[in-house]
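Line by line, the protein sequences give chains A and B.
Numbering of the first sequence is given in our numbering, commencing with residue 1 and proceeding in unit increments.
Numbering of the second sequence is given in our numbering, commencing with residue 343 and proceeding in unit increments.
Contents: one structure, followed by commentary.
There are 2 protein chains.
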Amino acid sequence: MYLAPNLNHLPHLSTAEFAHRIVQGDRLALSRAITLIESQVPAHRTQSLELLDKIYNQRTPSFRIGLTGIPGVGKSTFIEALGKEVIESGNKLAVLAIDPSSTQSKGSILGDKTRMGSLSRAPEAFIRPSPSAGTLGGIAARTRETMLLCEAAGFDTIIIETVGVGQSETEALFLTDVFLMLAMPGTGDELQGIKRGIMEAADLIVINKADGSNESLAKQAKKQLEIALHLFPAKESEWRVKVLLASGLHGLGVKECWKRLKAFREHTSSNGFFEANRITQNLRAFERLSEMGLYDLVRSVLGDDQLLSDIQAQLENGSLNEYAGALQILEPLRERFGIPKS
Amino acid sequence: MYLAPNLNHLPHLSTAEFAHRIVQGDRLALSRAITLIESQVPAHRTQSLELLDKIYNQRTPSFRIGLTGIPGVGKSTFIEALGKEVIESGNKLAVLAIDPSSTQSKGSILGDKTRMGSLSRAPEAFIRPSPSAGTLGGIAARTRETMLLCEAAGFDTIIIETVGVGQSETEALFLTDVFLMLAMPGTGDELQGIKRGIMEAADLIVINKADGSNESLAKQAKKQLEIALHLFPAKESEWRVKVLLASGLHGLGVKECWKRLKAFREHTSSNGFFEANRITQNLRAFERLSEMGLYDLVRSVLGDDQLLSDIQAQLENGSLNEYAGALQILEPLRERFGIPKS
Numbered sequence: 001m002y003l004a005p006n007l008n009h010l011p012h013l014s015t016a017e018f019a020h021r022i023v024q025g026d027r028l029a030l031s032r033a034i035t036l037i038e039s040q041v042p043a044h045r046t047q048s049l050e051l052l053d054k055i056y057n058q059r060t061p062s063f064r065i066g067l068t069g070i071p072g073v074g075k076s077t078f079i080e081a082l083g084k085e086v087i088e089s090g091n092k093l094a095v096l097a098i099d100p101s102s103t104q105s106k107g108s109i110l111g112d113k114t115r116m117g118s119l120s121r122a123p124e125a126f127i128r129p130s131p132s133a134g135t136l137g138g139i140a141a142r143t144r145e146t147m148l149l150c151e152a153a154g155f156d157t158i159i160i161e162t163v164g165v166g167q168s169e170t171e172a173l174f175l176t177d178v179f180l181m182l183a184m185p186g187t188g189d190e191l192q193g194i195k196r197g198i199m200e201a202a203d204l205i206v207i208n209k210a211d212g213s214n215e216s217l218a219k220q221a222k223k224q225l226e227i228a229l230h231l232f233p234a235k236e237s238e239w240r241v242k243v244l245l246a247s248g249l250h251g252l253g254v255k256e257c258w259k260r261l262k263a264f265r266e267h268t269s270s271n272g273f274f275e276a277n278r279i280t281q282n283l284r285a286f287e288r289l290s291e292m293g294l295y296d297l298v299r300s301v302l303g304d305d306q307l308l309s310d311i312q313a314q315l316e317n318g319s320l321n322e323y324a325g326a327l328q329i330l331e332p333l334r335e336r337f338g339i340p341k342s
Numbered sequence: 343m344y345l346a347p348n349l350n351h352l353p354h355l356s357t358a359e360f361a362h363r364i365v366q367g368d369r370l371a372l373s374r375a376i377t378l379i380e381s382q383v384p385a386h387r388t389q390s391l392e393l394l395d396k397i398y399n400q401r402t403p404s405f406r407i408g409l410t411g412i413p414g415v416g417k418s419t420f421i422e423a424l425g426k427e428v429i430e431s432g433n434k435l436a437v438l439a440i441d442p443s444s445t446q447s448k449g450s451i452l453g454d455k456t457r458m459g460s461l462s463r464a465p466e467a468f469i470r471p472s473p474s475a476g477t478l479g480g481i482a483a484r485t486r487e488t489m490l491l492c493e494a495a496g497f498d499t500i501i502i503e504t505v506g507v508g509q510s511e512t513e514a515l516f517l518t519d520v521f522l523m524l525a526m527p528g529t530g531d532e533l534q535g536i537k538r539g540i541m542e543a544a545d546l547i548v549i550n551k552a553d554g555s556n557e558s559l560a561k562q563a564k565k566q567l568e569i570a571l572h573l574f575p576a577k578e579s580e581w582r583v584k585v586l587l588a589s590g591l592h593g594l595g596v597k598e599c600w601k602r603l604k605a606f607r608e609h610t611s612s613n614g615f616f617e618a619n620r621i622t623q624n625l626r627a628f629e630r631l632s633e634m635g636l637y638d639l640v641r642s643v644l645g646d647d648q649l650l651s652d653i654q655a656q657l658e659n660g661s662l663n664e665y666a667g668a669l670q671i672l673e674p675l676r677e678r679f680g681i682p683k684s
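See the structure below:
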């Protein structure tokens, strides 16, 4: 799905001027830049990379928080409460999202201005819906670029939310410094609806809706979780996962949550993990960028937009194996570039 | 590091003839094929892909077991005992390895014929050391291809071992149906030397060296682990992780281990996870193949072998950002192929 942004009615800006305006805090320039990087028009890609290279070293040092939770767990209400706390502490907050389902307008992350109404009106906050086209990898890459643009615009705290039902969490992990999982008490031993992989990745587990009649159930769940987590070795960050109780609706536990997030940043800055993790993430981002860029070039060179998706469909239904698939990509290129077979 | 195999002294085989001999069980043909796919000579890559495409649908249905454990946990002894059990049950077993450190001859997986002496002499077994050149991704890709060749040669059970101290486990996860982690009792609550990420990935945790004076410590560790694991939601495979006690040295717990592995296969075949997981893995393998193939082509086209590693070094020390890095790869190609900038 091509998204060709209409940038024609606005005055043409050089990359340097564009970057300058973003860094000055010009919200319109920021929005235009995000629209540019979300464009799937190949020519816009080069412009985007140049703009990102330009603003890269002009960014505000930031703290990137991944936040996930299944629909129903109270994510928007919690983010709104946490967001207010972040801003009241003197920060500038951007809230972004990775939601592949938003392509079909059936996404769970809709109408942000309604969902987080009060937060969206705060001048120190900036809320942007998930990019809405392409593969999960493409969406994640565009979200990362949006995050960098926000940092250039002066936002020092970024929340990246995911819906908690697909592979988006893995992508969010690669974009963020700390990972927070929202859960809620269920009727049995287990917390409700949580994917095992997400729980294992979390640095902070917040049991939301821990109010009223649910309070004792939530306390019990917290206790059991803490026992379980204690038996597992520490994570690479050497941070011991914390379990908190909260109620986004009543604003309970939110201050404590922000305090713990900052403690995580302190801890991992001291032991070097914060910086090392960022370098690993940058390397991975480079790999993904090159990969996607190469695929775009290949499609331009071969003049075949469908080749890749046809191959993937055939791989999924088993009518083609991955080696034959790779040959279908690489052989035409080898011939085209006159590289001898042996 | 270029590994240019000397295939000249052997009669030239067509891909079809080569494939035929492998499927017939000709061990020499199998070894030649593995040497071919491990070659880093670009021309050999095309031949390799064609051979793999040829044998792909002639493979024996198989069971792929990932096995990890830190040095000292008794991995070789355990694999030898498990291997014997597998063969005595009427199977043909190949044991492969992913060990990036083997490049420097300091790898932990050395001299397989000594390590697993008795197993290596069994005609139903085939043991091959880790490929020894290139990046971790390259090593994993070559191991996967070796695995497919072994399946074409009639091996129905594959063990892929990793050393347990790096990123090799993630790669092994993407190659296998089930993941077994070997641990041993420590002095405190925690099992000795285990990386958190590995424990979370395991489908089966085997506490080895659970004999003699260690037996009660091992039993206690098993109990605590089981409590902890029970509190976590089931994995995507809907398989509840099992903890077993074993002693590879005394052959204890090995029959039970093989029984549980087969139970896992049964369970995941019934609920469709086994097949779905394989498809996901095939897709990922295709992506990695295309990616690596594209990079090889790019290097041939640009005539610059160093570009990629220079960029990665600069990314690691922070002197270059990932967007500038991507531009350095993509821009020369865009110009070379005459693709307009906008």
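Just so you know, even glycine gets a beta-carbon here, dropped at the ideal spot from N, CA and C.
In this text, all values refer to a predicted model and were calculated from it rather than measured experimentally.
(1) Between the C-alpha atoms of A560/B and K551/B, what's the straight-line distance to the nearest angstrom?
(2) Can you tell me whether DSSP reads S247/A as helix, strand or coil?
(3) I think L639/B touches L333/A, with their Cβ atoms under 8 Å apart; what is that distance to the nearest whole Å?
(4) With C-beta atoms as the reference, is T410/B less than 8 Å away from M541/B?
(5) Using CA atoms only, rank isn't needed, just tell me which of V301/A, A183/A and S39/A is closest to P575/B.
(6) Within the 8 Å Cβ cut-off, does D53/A reach chain B?
(7) Taking M181/A as the query, report the chain B residues whose CB atoms sit under 7 Å from its CB, ordered along the chain.
(8) Can you tell me which residues form a DSSP beta bridge with A29/A?
(9) Can you tell me whether G293/A is buried or exposed, with buried defined as 16 or more other CB within 10 angstroms of its CB?
(10) Once the 5 residues before and after G338/A are set aside, which same chain residues still bring their CB inside 6 Å of it?
(11) How would you write the range of the beta strand (DSSP E) that E503/B sits in, first residue to last?
(12) Go through its chain and collect everything with a Cβ distance to V415/B's Cβ below 7 Å, but skip five positions before and after it.
(13) In the DSSP assignment, find the unbroken alpha helix (DSSP H) run with M523/B in it and report its ends.
(14) Please compile the residues from chain A whose C-beta is within a distance smaller than 9 Å of the C-beta of A570/B.
(15) Rounded C-beta distance between Y398/B and L490/B? I'm assuming under 8 Å.
(16) Against chain B, does E147/A count as a neighbour if the rule is that its beta carbon must be under 8 Å from one of theirs?
(17) Roughly how many whole angstroms lie between the Cα atoms of T504/B and E256/A?
(18) So if I threshold CB-CB distances at 8 Å, which residues from the segment 61–91 of chain A count as touching chain C?
(19) Is there a Cβ from chain A that is less than 8 Å from the Cβ of V365/B?
(20) Counting contacts by CB-CB distance shorter than 8 Å, is S14/A in contact with chain B?
(21) Can you give the Cα-Cα distance for A482/B and A285/A, rounded to whole angstroms?
(22) How would you call R121/A, buried or exposed, if buried means at least 16 neighbouring beta carbons within 10 angstroms?
(23) Hey, G408/B and V585/B: beta-carbon distance below 8 Å or not?
(24) Going by CA-CA distance only, name the one from L594/B, H572/B and G539/B that's closest to G554/B.
(25) Going by Cα to Cα distance, which pick from N317/A, E287/A and S168/A is closest to I98/A?
(26) At which residue ranges does the segment 354–422 of chain B contain complete alpha helix (DSSP H) runs of 4 or more residues, listed in the order of the chain?
(27) Buried or exposed, going by whether 16 or more other CB atoms sit within 10 Å of the CB of G227/A?
(28) Helix, strand or coil for I549/B per DSSP?
(29) Only counting the same chain, and skipping five residues up and downstream in sequence, which positions put a Cβ closer than 8 Å to that of K448/B?
(30) Just curious, the beta strand (DSSP E) that V95/A is in, first and last residue?
(31) So for K235/A, helix, strand or coil by DSSP?
(32) Could you tell me the alpha carbon to alpha carbon distance between Q648/B and E145/A, rounded to whole angstroms?
(33) Using only alpha-carbon positions, find the residue among T485/B, R602/B, N613/B and R607/B that is nearest to R470/B.
(34) Go through its chain and collect everything with a Cβ distance to L225/A's Cβ below 6 Å, but skip five positions before and after it.
(35) With DSSP collapsed to three states, give me the class of R678/B.
(36) Counting only C-beta atoms, is K195/A closer than 8 Å to chain B at any point?
Inspection of the coordinates gives the following:
(1) The C-alpha of A560/B lies about 8 Å from the C-alpha of K551/B.
(2) Three-state result, S247/A: strand.
(3) Approximately 6 Å separates the beta-carbon atoms of L639/B and L333/A; this is inside 8 Å, confirming the contact.
(4) Result no, Cβ atoms of T410/B and M541/B do not sit closer than 8 Å.
(5) Ranking the options by Cα distance to P575/B, first place goes to A183/A.
(6) Yes, contact with chain B.
(7) Around M181/A, no beta-carbon contact reaches into chain B at under 7 Å, the shortest distance being about 12 Å.
(8) Looking at the DSSP output, A29/A sits in no beta bridge, so it has no partner there.
(9) Classification for G293/A: buried.
(10) Nothing listed; no residue qualifies.
(11) In this chain, the beta strand (DSSP E) harbouring E503/B covers T499 to T504.
(12) Here the set comprises L524, A525, M526 and N550.
(13) Under the DSSP assignment, M523/B falls outside any alpha helix (DSSP H), being part of the beta strand (DSSP E) whose first and last residues are V520 to A525.
(14) Neighbourhood of A570/B in chain A, by CB distance below 9 Å: I227, A228, L229, H230, L231 and F232, in chain order.
(15) Indeed they touch by this definition, with Cβ atoms about 7 Å apart.
(16) For clarity, residue 147/A is Met in the given sequence; the question names Glu instead. The beta carbon of M147/A does not come within 8 Å of any beta carbon belonging to chain B, so the residue lies off that interface.
(17) Distance between the alpha carbons of T504/B and E256/A: 41 Å.
(18) The chain inventory of the structure shown lacks chain C, comprising the protein chains A and B.
(19) The Cβ of V365/B sits no closer than 8 Å to any Cβ of chain A.
(20) By this cut-off, S14/A is not an interface position.
(21) Distance between the alpha carbons of A482/B and A285/A is about 21 Å.
(22) R121/A is exposed by the Cβ-count criterion.
(23) Cβ atoms of G408/B and V585/B: not closer than 8 Å.
(24) Just measuring C-alpha positions, the residue of L594/B, H572/B and G539/B sitting nearest G554/B is L594/B.
(25) If we check each option's Cα against that of I98/A, S168/A comes out closest.
(26) Contiguous alpha helix (DSSP H) elements confined to the segment 354–422 of chain B occur at 357–365, 369–380 and 384–397, taking only those with 4 or more residues.
(27) In the sequence as displayed, the identity of residue 227/A is Ile instead of Gly. The residue in question, I227/A, is exposed, as its Cβ has fewer than 16 Cβ neighbours within 10 Å.
(28) In the three-state reduction of the DSSP assignment, I549/B falls in the strand class, which pools E and B.
(29) Residue placement at K448/B is poorly supported in this model, since its pLDDT is 42, which falls under 50; the coordinates still yield a value, given next. Once the five neighbours on either side are set aside, K448/B has no close Cβ partner at all.
(30) If you look at V95/A, you'll find it in the beta strand (DSSP E) that goes L93 to I98.
(31) The three-state reading of DSSP puts K235/A in coil, since its state is none of H, G, I, E or B.
(32) Approximately 27 Å, taken between the alpha carbons.
(33) Answer by Cα proximity: T485/B.
(34) Counting only Cβ-Cβ distances below 6 Å, and skipping sequence neighbours, we find V243.
(35) Here R678/B sits in helix by DSSP.
(36) For K195/A, a Cβ of chain B is located within less than 8 Å of the residue's own Cβ.
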